[in-house]
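**Q** Protein sequence lines correspond, in order, to chains A and B. Heads up, the first sequence is in the UniProt record's numbering, so the first residue is 1 and it goes up one at a time. Heads up, the second sequence is in the UniProt record's numbering, so the first residue is 1 and it goes up one at a time. We treat Cβ as the ideally placed atom computed from N, Cα and C, and that holds for glycine. Remember, it's a predicted structure, so these values are computed and weren't measured experimentally. One structure, as structure tokens, below. Some questions next.
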Amino acid sequence: MDGIADMGGTEGWGTATAPRRDEPPFAEPWEGRAFAMTVLSMGRISGRNLDAFRHALERLPRVAYLDDGYYGRWLNAAELMLTESAILAPGAVDARARNLQGGHVEEPPAPAEPAKPDYTPTGPGSLREVPEPPRFAPGDRVRAKDMSPAGHTRLPRYVRGHVGTVEAVQPGHLLPDTHAHFEGENPQHVFTVAFDSHDLWGPDAESFSLTIELFDSYLEPA
Amino acid sequence: MTTSADPGTERLSPALRTEALEQLLTERGLVDPKVMDGFIANYETKVGPLNGAKVVAKAWTDPEYRARLLADGTAAVKELGFGGPQGEHIVVVENTPQRHNVTVCTLCSCYPWPVLGLPPSWYKDPAYRARVVREPRAVLAEMGLELADDVEIVVRDSSSEVRWLVLPERPAGTEDLSEEELVPLITRDALVGVAKVAAP
């Protein structure tokens, strides 16, 4: 999905922040609460999965994605997953929050029946065996397909259409593009592909190489 | 989401909405605040960059471990007892005087939790996510790491479930330090590749 989450190579974000050595994992207590509830919500409570969570993140409106910060973004994606699985009624969190502030808002009743996805993982995590041999080997030249899927994908815009070299074959993984939509695991081989910075960003770019893990179906021989 | 609220309605803070969501889920028995407390404390106190520092200190002092770490990061990290979510498949790459690796996730903020804990704020910042794949030398300089022009930079974008860990260079002057003495020198920033490890 060509949404706001796909940030690689985009401009306008200002300077990078210098690290602080002793930064705590959570800057404020609510961030830890949002983190824990999101992890529980992406699986056990909503019946969704990590890829569906990432897809929820990338569907957030710009303000909900950016202005609430990292754990605010998680909170907003958790709320979206819980609403889509009919665990929460739309507007329930907003109404409760206004009442916590001293408001008098009628809260929508919880939905009668959850509507969790009809989906059962074949095993824990995302590593899967792929019976077929890998299509590419280290040293092969490959092109990242120039495509803009409407749904979830882990093929960022900035590598699409560009040619790189396979550096390594990684273990097989389930395919996020279908897993996020509960359309099956479709395990595929994953390739670490190296790109030259000038191929990605033009002759005036800094000189460096970049590697990224690409699923078999994102690639074609070059 | 507050963005669906009526225009003109005051935007509610994520802190307040987090409290509201926890109340709603707790009332229905869907979350247990005590379980959440334990989960949060685990990431505040147990799963953090100290794990990664132990891995690196061992690799610096034990050549056989170093070889195993570079050959199969997941298994070598597991030898020290570290594994779990976001650590299914860990690949370790070595920084040298000629070659500098730096990691990022441009699509979200994927990060090797079992060895580095949860990502720091700069790693999740759009400026880092967007720019380090386009002008890494400039970004690293802004963050305080100036690399010589002849150092080759390799940027690792963690777009799948493969998680990268950088094995930084052991600083000169630490030859006599033990594994235990090396651990406190090793920062999370060096294990992502935005800093080097300094001698004490």
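Under the assumption that Ala56(A) contacts Leu80(A) (Cβ atoms under 8 Å), give the Cβ distance between them as a whole number of angstroms.
**A** 5 Å between Cβ atoms; contact.
**Q** Could you spell out the range, first to last residue, of the alpha helix (DSSP H) harbouring Gln23(B)?
**A** Start and end: 14–27.
**Q** What in chain B is Cβ-close to Val169(A), meaning under 9 Å?
**A** Those do not exist, as Val169(A) stays about 11 Å from chain B at its closest Cβ, beyond 9 Å.
**Q** Could you say which of Tyr111(B), Asp37(B), Thr96(B) lies nearest to Leu147(B) if we only look at CA atoms?
**A** Per the Cα distances, Thr96(B).
**Q** My understanding is that Leu116(B) touches Arg66(B), with C-beta atoms under 8 Å, so please give their C-beta distance in whole angstroms.
**A** 19 Å between Cβ atoms; not a contact.
**Q** So is Asp118(A) buried or exposed if we call it buried at 16+ other beta carbons inside 10 Å?
**A** Exposed, by the Cβ-count rule.
**Q** If I follow the unbroken alpha helix (DSSP H) through Ile40(B), where does it start and stop?
**A** First-last of the alpha helix (DSSP H) with Ile40(B): 33–41.
**Q** Name the DSSP beta bridge partners of residue 264(A), please?
**A** The question about residue 264(A) has no answer here: the residues shown for chain A are numbered 1 through 222.
**Q** Let me see if you follow: with CB-CB separation under 8 Å, is Leu219(A) close to chain B or not?
**A** Judged by the 8 Å Cβ criterion, Leu219(A) is not in contact with chain B.
**Q** Going along the segment 17–28 of chain B in order, which residues come within less than 8 Å of chain A, judged by CB to CB distance?
**A** Result list: Arg17, Thr18, Glu19, Ala20, Leu21, Glu22, Gln23, Leu24, Leu25, Arg28.
**Q** Could you name the residues of the segment 28–49 of chain A whose beta carbon sits closer than 9 Å to any beta carbon of chain B, in the order they occur along the chain?
**A** Here the close residues are Glu28, Pro29, Trp30, Glu31, Gly32, Arg33, Ala34, Phe35, Ala36, Met37, Val39, Leu40, Ser41, Arg44, Ile45.
**Q** Counting C-beta neighbours from all protein chains within 10 Å, is the total for Lys54(B) 16 or more, i.e. buried, or is it exposed?
**A** Lys54(B) should be labelled buried.
**Q** At 7 Å on the CB atoms, spell out the chain B contacts of Glu213(A), in chain order.
**A** Chain B residues near Glu213(A): Ser159, Ser160, Val162.
**Q** Give the DSSP bridge partners of His173(A), in chain order.
**A** Beta-bridge pairing links His173(A) to Leu127(A), Gln188(A).
**Q** Taking 7 Å as the limit between beta carbons, can you name the residues of its chain near Ala76(B), skipping five residues before and five after?
**A** Correct list, in chain order: Tyr65, Arg68, Leu69.
**Q** Grab the span of the alpha helix (DSSP H) containing Asn51(B) for me, first residue to last.
**A** Per DSSP, Asn51(B) belongs to the alpha helix (DSSP H) from 49–61.
**Q** Nearest to Glu84(A) by CA position, among Pro131(A), Arg128(A), Arg59(A), Gly123(A), is which residue?
**A** Checked all of Pro131(A), Arg128(A), Arg59(A), Gly123(A); the closest Cα to Glu84(A) is Arg59(A).
**Q** By alpha-carbon positions, which one of Ala144(A), Gln188(A), Asp67(A) ends up nearest to Asp199(A)?
**A** Selected option, being the one with the closest Cα: Ala144(A).
**Q** Taking the CB atoms as reference points, tell me whether Glu22(B) and Val31(B) lie closer together than 8 Å.
**A** Yes. Within cutoff.
**Q** Could you tell me which chain A residues have their CB closer than 8 Å to the CB of Asp125(B), listed as they occur along the chain?
**A** In chain order: Trp13, Ala16, Thr17.
**Q** Express the C-alpha separation of Ala41(B) and Glu107(A) in angstroms, rounding to a whole number.
**A** Rounded to the nearest angstrom, the two C-alpha atoms are 32 Å apart.
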